[in-house]
Amino acid sequence: MLSLVKLPQGSSCAEKERIRCYSSSFGAFSVTPVTTMSRRQTPNEFLQQIIGRPVVVKLNSGVDYRGVLACLDGYMNIALEQSEEYLNGQLKNKYGDAFIRGNNVLYISTQKRRG
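Just so you know, we're using full-length UniProt numbering here: the sequence shown kicks off at 1 and counts up by one.
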């Protein structure tokens, strides 16, 4: 089982302080817990912590999307703000807001803030 962040029904991405969680199982999807200050995090804690931060979303096709994580649900559907599409490390498009269907997601990782 993997716990993911889910927004309450009818809420918007801006209502981040009202986020609740529920458990869902995913076949091949996994998120590696990260270590900060010698404290291990669960995948759920990691996902809650990165909402509103810059992330890289790698798709099964090899395409990367970089942007600010607005919200995600139990199916790993992702909403990004200020999103950019990269193929082989090269910028291909800028979309602003983007929605990525969860079954295409290989992984999510944090990215250093741009300068």
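Where is the CB? At the ideal position from N, CA and C, for every residue including glycine.
DSSP, read as helix, strand or coil, puts Gln41 in coil. Across the structure, Leu91 and Glu45 are spaced so that their CA atoms are roughly 30 Å apart. The secondary-structure analysis by DSSP pairs Phe99 across a beta bridge with Ala79.
For Ile50, the CB contacts under 7 Å within the same chain, skipping 5 residues up- and downstream, are Leu69 and Thr110 in chain order. One thing to note: Ser83 has its Cβ within 8 Å of the Cβ of Tyr65.
The beta carbon of Val56 lies closer than 7 Å to those of Asp64, Arg66, Ser109 and Gln111 in the same chain, with the five residues before and after it left out. Around the beta-carbon of Leu47, 16 or more other beta-carbon atoms lie within 10 Å, marking it buried.
Non-local C-beta neighbours of Asn104 in its own chain, meaning closer than 6 Å and more than five positions away in sequence, comprise Leu59 and Asn60, ordered along the chain. With respect to the 8 Å criterion, Glu81 and Asp97 are classified as neighbours on the basis of their beta carbons. With a contact defined as Cβ atoms closer than 8 Å, Met76 and Gly52 miss out at about 18 Å.
Going by DSSP, Gly67 is part of the beta strand (DSSP E) stretching over Asp64 to Leu72.
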